[in-house]
Each structure stands twice: as structure tokens, then as C-alpha cells.
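In this note's numbering, the protein residues as written are 7 to 594. This report refers to the structure that appears directly beneath it.
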């Protein structure tokens, strides 16, 4: 029950818990990056094995962009991605059954009977009682090499077995004084090369592990994770990344951004002195201006760290992706965040007092430039808040979990289907015009209320009452649907608890939820668990105030022209259009 290999998925979110972190992520990110102008760039290889030979012979660089023929197609990739592909489980992953005989005649007789209509199960039962045969199902065999190792068969025999389709029967194979017959029960799809043909950051590695678990089963996933660990550490060592003060690049536009913010602050201060705005309004505007300035400096810093200029073969200046260690650590998801990088090379920004109130004068310096005495004094507020929070809030998050469990403890799955025809309509989660959670992520593992139809052809994509698995969700996304109605706990008609159809899939293993599962306690713990980590966050970002920057524009998700109807306005002294009427203003 507690074995790590049986707990690959998180019961809270359904995403893998066993995922590469820190050095492993950094090593794999480093090896899968492509760089212009490396030795061996543009070379064409007929198969992945050739790439390995060329790399071992030092004929090509790890980061060289190359072309490799795979499954009859030319694929643009890099040397590092081919080396990563070597550790991904390949050759068909199979489930099979097997019988072993000591007598060749008996083996051939059984083989003939199965070919002429008898089932493998019948033959197993018939011969397991006699001493001449033994055999059983083999679950989750991983690829050809493992098959060869377990049964000690020749490579040609193993290849022949692995080319069989499901329900296919192998001829009698002789190994070590015994005779074997194999039947293929199931063939699992391989991991496509597309899954590793990217710069592999933490998110992509999580998707790779998730794909392996969903398609190849837990054994293959455990082996893949172990191999990723080995190769990650190996290339993290080869990369030899270290942080130096030169890696902290201060953006060239920082002075301009600060000057602009200071001018705006002076304007607000004038308005306050003239009595046009209140103390509260002044405070809010100050905080908004400085939060936006801090954000702009951070974005500029990320851009300047991301790209580096170099001369190409013709002596022209070109911008290529840099190997800045600090940028790579944050971009790969290995360690650190944009917030921490901002404090190193951007500006520390607004600080929070232990009470949670934001101090309206920001720290415009960063750690590379060094802080003045006043700035250092202000920043001690933040540091103290970090320590105070860690001490006080940990108890609160534990208490929250307890109260949630108290409320939800009587909610369990009590029946298969409550028979309701009601549900809730879900659409993608948007924030500031950006999609935070796609529709596919929200409906995965839920049950449909009605048939989902293709908006153009009216073809039924998913029937009502069916669970939306990965394949069904892909159909819905490809059809371009933006709304779908699903069964929900909110509309469940079960008298006590909840029914399995309204709950959806059990996230800890990806199958249907079992009757009796204490889903209330599970939900309470899933919500309470991140609370403890959020407390630690203040400590990690050193008490700098985190505040959403006001949204100054709306980004359109589709092309087109915006036409405002019934709007009247005038141009002000700064030649900006100011709307005069409050009513009207729908846009087409």
C-alpha cells in the first residue's frame, strides 16, 4: 500500500508525484537545448544509433541541431534529445501468457490445439494438473531486452514474439532443455519521439512521466523515472553550472522605467497635496505604480538574460539563446523563480510589514548593486515578516485542514449512479485574458450529461454518460468546443454522500472511483496540504510584497476589428481619447 512504485499519481491532482526535480531537471534541460553554430550542425543521420556513435567519437557537439530519419520521416532535433530518447522505454511493451513444457511432442500438440480453436486458458487448465506443463500470465513485460533476459531466448526469437499482434501465438521455442509457447494478450503503444523532441523543462518531464504511466503502466514508469535520474545527474555534472556575479545582468531600461514611475508618483503626490484625492487613494495608486514598475523591470531582466549577442560566420551580430546559469535554473523549473531572480538583478520592489501592510516606498536597488542603509532597514521588515509568518501561520494551515475534514468527513461514494440529468457547464478558466486552465484539463475524468457533438458536422464525439478519458478529451479539444456540460457533485441526487458517476475518476490511479471511497476526507486533505507550503513562500521570497498588477489592456483571443457603438468622446490636452458618456458602448 505504501510502496513508492504503487503511488505514482497524486490523489489530490492526478498528476505524477514521482517526477524529476532540481539537478535532474537541470541536467536534462541542459542536454536538450539546441545552440546555433555547434560542431556537426545540419548533419543528417539515417538512424539514432549513428548519432550516438558520432557523439562518442567526438564528431558532433551535444547541442548541435541535426536531422535524423525516424520511422521513415526526417526529424529536426538535437544530439542531446537523441541521447535522452535512448533511455525512454522502446520496442513494444507487452502483456503475455506463457506455457512451459519438458516434452517437445506435448508442446507441439498443445500448440496445434490452440491454432485449431482451443483457447490458451483451456490448455493451461488441462495441462497444469499434469507434470508436463506449467505457465501463467506475465503482467507488464517491459520491452524486448527484458523479455530476453527473463527467458534467456535468442534475439531473433524475441523479435519474432514482439512482432506478434494481440491474441497472436508464437511457435514452440526451445530454451535450456524446455519448450515454451507464448500468447500476446495486449500490446501497449510506445512513447513517441515527439514527447522528448523539445527543450525538456520540469513541466515537459512531468508530461513524459504522466504519458508513460497512462500508456505503459507503472512498471515502465518506475524504470523510466530511474533512468531519467541517472542521465539528469550525469549531464548536470557535465554542464558544471555555477552562479557568478556576471550572470546577474541588470536590464539597460531599468533607469527609464524607474524615472517614469517616479514622475507618475510625483503627479499623484501633487493631486494629494491639492486635496483632489484621499490618503487611501494615494496609497493604492503608489502601490499600483511601483508594483507595475517592479514587474516591468523583471520582464526586461528576463529578456536580457534570455538572449545574448554573438557574431555569426559572416561577422554579423545575431541574438541567440544564452546559457546564463541563473536564467537556466529558473527557466527549467529546477530551482528559483522569477521573483528571486528579480531581487538579484532587477529591483527588490515593495516590501511588506509583519502586519501584512505594504510599505509604499519600494527598494529600487537589487542585491547585485547593493542596498543603501535606508533600503536595508526597510528590507528588515520583510525578513522579519518571513520569520513571523513561518512561526505563526503553520498552525493555522493545520487547523484549516482539520476544520475541512470535520465538514467533509461524511461525504463518501455510496452508489454507482444517482440517475440525474442535471450537470454544470464548464469552460476554460481565464485570468486577465490568459487561459490558466484549458477546457480539456477541467473535464478530464468527468462524466458527460448529454452527447457532445461536433459543432460543424453534428457527429457524436462522446456519448452521454461516458467518462471523458484522454482520447475523448482530445476529440473535444480538436473540435474547438469552448463549453461542455458534465456531471458534478453540485448536482448529484444521491441522498447520502455522492455517486461514482457524479464524482468521476479516482485521481490516484486514473480508474473509476470505488464505492465506499472517503472522497470528503480526500478533498479536505488535498485542499489543506498546499496551505503549509504557501506559508513557507513568504520565507523563500524574503517578504517582498506580492500584488497583482492592474490590467491596463485586454488581449483579444481572435482576429478582428473592434467597433464601439454609441460612444461619444473628446481628446484631452495629451491628445488621448476620453469617453464622455457612461451608457452605451457595446462593441461589435
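All C-beta atoms in this analysis are idealised placements derived from N, C-alpha and C, irrespective of residue type, glycine included.
DSSP on residue i, reduced to helix/strand/coil?
i: residue 169; result: coil
i: residue 415; result: coil
i: residue 189; result: strand
i: residue 361; result: coil
i: residue 583; result: strand
i: residue 303; result: helix
i: residue 102; result: strand
i: residue 519; result: coil
i: residue 545; result: Below a pLDDT of 50, predicted positions are generally treated as unreliable, and residue 545, at 49, falls in that range; the measurement from the model is reported next regardless. Three-state DSSP puts residue 545 in a helix.
i: residue 251; result: helix
i: residue 536; result: helix
i: residue 233; result: helix
i: residue 376; result: coil
i: residue 337; result: helix
i: residue 391; result: helix
i: residue 290; result: helix
i: residue 226; result: helix
Contact criterion: CB-CB distance below 8 Å. Does residue i meet it with respect to chain D?
i: residue 385; result: You won't find chain D in this structure, because it holds only one protein chain.
Give me the residue from the options with the minimum Cα distance to residue i.
i: residue 345; options: 30, 361, 297; result: 297
i: residue 34; options: 208, 14, 96, 121; result: 208
i: residue 256; options: 44, 228, 305; result: 305
i: residue 174; options: 165, 442, 190, 164; result: 190
i: residue 293; options: 471, 473, 311, 271; result: 271
i: residue 103; options: 114, 259, 125; result: 125
i: residue 522; options: 21, 289, 502; result: 502
i: residue 450; options: 338, 427, 474, 434; result: 474
i: residue 506; options: 518, 514, 513; result: 518
i: residue 96; options: 233, 21, 119; result: 233
i: residue 376; options: 349, 86, 405, 400; result: 349
i: residue 357; options: 340, 381, 343; result: 381
i: residue 477; options: 460, 399, 446; result: 446
i: residue 428; options: 440, 387, 470, 392; result: 470
According to DSSP, which residues form a beta bridge with residue i?
i: residue 82; result: 73
i: residue 154; result: For residue 154, which the question treats as bridged, DSSP gives no partner whatsoever.
i: residue 459; result: 466
i: residue 51; result: 74
i: residue 385; result: Its beta-bridge partners do not exist; DSSP assigns none.
i: residue 454; result: 492
i: residue 512; result: 517
i: residue 327; result: 313
i: residue 505; result: 421
i: residue 473; result: 453
i: residue 180; result: 185
i: residue 355; result: 369
i: residue 22; result: 15
i: residue 175; result: 189
On the DSSP letters alone, give me the boundaries of the beta strand (DSSP E) that residue i sits inside.
i: residue 621; result: Since the first residue shown for the chain is 7 and the last is 594, residue 621 is missing from the structure and cannot be characterised.
i: residue 443; result: 440 to 443
i: residue 431; result: 430 to 432
Output the boundary residues of the alpha helix (DSSP H) element that contains residue i.
i: residue 116; result: 110 to 121
i: residue 208; result: 208 to 222
i: residue 272; result: 260 to 279
i: residue 481; result: 476 to 484
i: residue 5; result: With the chain running from 7 to 594 in the structure shown, residue 5 is simply not present.
i: residue 315; result: First-last for residue 315: 313 to 317, but that is the beta strand (DSSP E), not the alpha helix (DSSP H).
i: residue 577; result: Residue 577 -> not in any alpha helix (DSSP H); beta strand (DSSP E) instead, spanning 575 to 577.
i: residue 349; result: 344 to 351
Verify the contact flag: residue i, CB atom, against every heavy atom of the ligand FAD, threshold strictly below 7 Å.
i: residue 297; result: No copy of the ligand FAD occurs in the structure displayed, which carries no ligand at all.
Is it the case that the stretch 230 to 239 contacts the stretch 24 to 33, given that we only count it when at least three CB pairs across the two stretches are under 8 Å? yes
Do the stretch 360 to 378 and the stretch 492 to 505 touch if we need at least three Cβ pairs shorter than 8 Å? no
Contact between the stretch 104 to 113 and the stretch 176 to 185 is defined here as three or more beta-carbon pairs at a separation below 8 Å; is this criterion met? yes
Touching by the beta-carbon criterion (3+ pairs, under 8 Å), the stretch 324 to 344 and the stretch 190 to 198: no
State whether the stretch 35 to 48 contacts the stretch 561 to 581, with contact taken as three or more CB pairs (one from each stretch) at a distance under 8 Å. no
Just checking, does the stretch 211 to 225 make contact with the stretch 77 to 85 on the three C-beta pairs under 8 Å criterion? no
Are three or more beta carbon pairs between the stretch 442 to 454 and the stretch 481 to 492 nearer than 8 Å? yes
Decide if the stretch 350 to 359 is in contact with the stretch 256 to 268; the criterion is three or more beta carbon pairs, one per stretch, under 8 Å apart. yes
Does the count of Cβ pairs from the stretch 403 to 412 and the stretch 522 to 534 closer than 8 Å reach three? yes
Counting beta carbon pairs with one atom in the stretch 157 to 167 and one in the stretch 56 to 69, are three or more of them shorter than 8 Å? no
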